[in-house]
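Here the structure is laid out as structure tokens; the discussion comes afterwards.
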Amino acid sequence: MRDVAVIGVGMNKWGELWDMSIRDIFTEAALKAIDDSGVDHIDAMYIGCMSSGLFVGQEHLGSLMADYLGQGNIPASRVESACCSGGLAFRSAYMDVASGMNDIVLAGGVEKMTDVGGDGATYALATAADGEYEVYNGATFPGLYALMARAHMERYGTTRKQLAEVAVKNHDNGSKNPLAQFPFKTTVDGVINAVMVADPLTLMDCSPITDGAAAVILCPADMIGKYKNHPAVKIIGSGHATDSIALHSRDDFTSLKATEIAGKKALQMAGKKLSDINLCEVHDCFTIAEIVVTESLGFFEPGQGGPAAEAGDTRIDGKIPINTSGGLKSKGHPVGATGIAQIYEVVSQLRGESGERQIKNAKVGMAQNMGGSGGSTLVHILEVI
Amino acid sequence: MFPSRYWREIPHRYRLEAGKCTGCGFVAFPRRLVCPQCGQREFETFKLKGEGELLTYTVIHVGPSAFVDDTPYALGIVKMDDGVNITAQISDIGLDNIEVGGRYKIEFRKIQSDGHSGIHAYGYKFIPIR
């Protein structure tokens, strides 16, 4: 396998983009990544998108996006793994370059979620759960994560306030991110007293409905001499694992096995220890998810994710900064784009280009992107060289 | 809801028919073609007794349109004494009285309706054992 570097990143301002179609949203972010890298063409493209069919009635994104990006007849594939479709696109592009099949490859993610109403979005998102044996009986995504939250609270004594601290911290970080959908700050009381969605989770425990895209450009590490716009960032670890699609089929609702396995694989491949990681973007689709993921990755012992969030260990100036971008909570969660936006943040931090939210001396960063209630996970580790 | 999609799940939803692996005894609900524990492909039909213990629950306040008249409603995961976990709504108990560890049994209930003129869809809900 060849060593692979990320030489360009691009992302647009996320939110309710009423005047933009899915093709415009994707193309805008992809052009930014191309311009950032300095490449004059791409050889292949992978697009992470969860459900353009249900959200905008459009499949076949490979063809559509290659055309609108002006890249002619290149091989372009849309890949899907629910909310970690973006992470899967990144891994697919990485394998493509590492294998020697293609040199300059774009990995992108996109979701256009506001062309349907709230009920249409709930329906589309719920297809990432077990349709016949969870959703049929009334399960929703906030509901599934609420089941995890209740189990975590019962087993470890995790508190309502600790969940809220995750949202407060992520909105604090997001307030420093000019691309975030909701760059406002909030408070513990603001989270706890928000409208109840699925007890114990309120609206402010949930990531929002978002339109947005992100893209990155990969090339073999031995070609980076040609593209010197920025410090080069190498992909040193990639882990991918699955678990049962139904939450109830798992032995434990307080940890995420696919995340554990993908995290270990990525670390092993990178030859790094968790203590080498300077920042981590995690899939905080709900506040409880960030707590469980930081435990399952091994940053904290089982049951200690809540106390760590409360103690400030995961803030930008904490022991392990988690979601410096604002996370899904504040930055937004256009599901297929999220995994690529995490890479965007890690690369920006490693290059030292994160402005107000920049971490000092960031050398190694991790991104964890998760589908459904944890049925699939991608973990990537990047290092600045 | 297309009738065939509904109809093919009836053995599970109406009669709680699971599959029991003839190799290792793993109980699959719904039924599977291959055992995830031992890899064997033969199963015998096994009817769940339909009683068990509540592992976790939530009260859903914002529900999909099919359940909008039911909100707030409780949803839980019960570990059946037969060895499988099932997700379903919790009924016939005050929302404030639900506790993890409580004993529940499965009853046949209407789950949702397919709009104003579609079919009624039935299945199982959890009812407290008193």
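Going down the list, the protein sequences come from chains A and B. Mapping the first sequence onto the working numbering, position 56 (from 1) lands on 56, and the numbers just tick up by one. Mapping the second sequence onto the working numbering, position 112 (from 1) lands on 112, and the numbers just tick up by one. Glycine residues also receive a C-beta, built at the ideal position from the N, C-alpha and C atoms.
- Taking 8 Å as the upper bound for CB-CB distance, GLY48 (chain A) and GLY336 (chain A) are in contact here, some 5 Å apart.
- Under DSSP, ASP211 (chain A) takes part in a beta bridge, and its partners are A:GLY15.
- For ASN173 (chain A), the uninterrupted alpha helix (DSSP H) run begins and ends at 160–174, by DSSP.
- Annotation for ALA311 (chain A): the continuous alpha helix (DSSP H) segment containing it runs 305–311.
- Under the three-pair Cβ rule at 8 Å, the stretch 373–383 of chain A does not count as touching the stretch 19–38 of chain B.
- In summary, the residues of the stretch 77–88 of chain B whose CB is separated from some CB of chain A by less than 7 Å are ILE77, ASN85, ILE86, THR87 and ALA88, in the order they occur in the chain.
- Taking a 10 Å sphere around the C-beta of ARG250 (chain A), we find 16 or more other C-beta atoms and assign the residue as buried.
- Close CB contacts of ASN177 (chain A) within its chain, under the 8 Å cut and outside five residues either way in sequence, are with PRO183, SER325, GLY326, SER330, LYS331 and ARG357 (chain order).
- Residues are counted here when their Cβ sits less than 9 Å from a Cβ of chain A; for the stretch 56–70 of chain B these are THR56, TYR57, THR58, VAL59, ILE60, HIS61, VAL62, GLY63, PRO64, SER65, ALA66, PHE67, VAL68 and ASP70, given in chain order.
- Taking a Cβ-Cβ threshold of 8 Å, the residues of chain B close to ARG150 (chain A) are THR56, TYR57, THR58 and VAL100, in chain order.
- Taking 9 Å as the CB threshold, ALA139 (chain A) lines the interface with chain B.
- With the criterion set as a beta carbon lying under 8 Å from some beta carbon of chain B, the members of the stretch 113–129 of chain A are ASP119, THR122, TYR123 and ALA126, in sequence order.
- DSSP, read as helix, strand or coil, puts ALA30 (chain A) in helix.
- Distances from the CA of GLU99 (chain B) to each of A:ARG78, A:ASN369, A:MET65 and A:MET153 were compared; the closest alpha carbon is that of A:MET153.
- Per the coordinates, the alpha-carbon of ARG150 (chain A) lies some 47 Å from the alpha-carbon of ASP103 (chain A).
- Contact check for PHE67 (chain B) and GLY138 (chain A): beta-carbon distance about 5 Å, within the 8 Å limit, so the pair qualifies.
- Chain-order list of chain B residues neighbouring ALA146 (chain A): THR56, TYR57, THR58, VAL59, ILE60 and LEU75, by C-beta distance under 9 Å.
- At the C-beta level, VAL293 (chain A) and GLN349 (chain A) stay beyond 9 Å of one another.
- Neighbourhood of ILE106 (chain B) in chain A, by CB distance below 9 Å: empty, with the nearest CB roughly 11 Å away.
- In the structure shown, the three-state DSSP call for GLY108 (chain A) is strand.
- The three-state reading of DSSP puts THR254 (chain A) in coil, since its state is none of H, G, I, E or B.
- Listed in chain order, the non-local C-beta contacts of ALA246 (chain A) below 7 Å within the same chain comprise ASP130, TYR133 and GLU134, local neighbours out to five positions each way being set aside.
- In the structure shown, ASP199 (chain A) adopts extended strand secondary structure according to DSSP, grouped into three states.
- Annotation: GLY57 (chain A) to GLU80 (chain A) spans about 16 Å, alpha carbon to alpha carbon.
- With a cutoff of 9 Å on beta-carbon distance, VAL197 (chain A) and PRO231 (chain A) are scored as not near each other.
- Under the Cβ criterion (8 Å, minimum of three pairs), the stretch 270–289 of chain A counts as touching the stretch 162–177 of chain A.
- Taking C-beta separations shorter than 8 Å and ignoring five residues to either side along the sequence, the partners of MET1 (chain A) in its chain run ALA98 and SER99, following chain order.
- Chain A has no Cβ within less than 9 Å of the Cβ of GLN37 (chain B).
- In this structure, the straight-line span from the alpha carbon of PRO36 (chain B) to that of GLY38 (chain A) is close to 49 Å.
- A Cβ-Cβ separation of about 14 Å leaves PHE46 (chain B) out of contact with GLY23 (chain B) under the 8 Å criterion.
- A distance below 9 Å separates the beta carbons of GLY50 (chain B) and LEU16 (chain B).
- DSSP, read as helix, strand or coil, puts GLN368 (chain A) in strand.
- Counting only unbroken stretches of 4 or more residues, the alpha helix (DSSP H) elements lying wholly within the stretch 111–164 of chain A are 118–126 and 141–156, in sequence order.
- Inter-residue distance for LYS319 (chain A) and ALA194 (chain A) is about 29 Å (C-alpha atoms, whole angstroms).
- Under DSSP, ILE322 (chain A) forms a beta bridge with A:CYS280.
- Of all residues in the stretch 323–344 of chain A, none is placed with a Cβ closer than 9 Å to any Cβ belonging to chain B.
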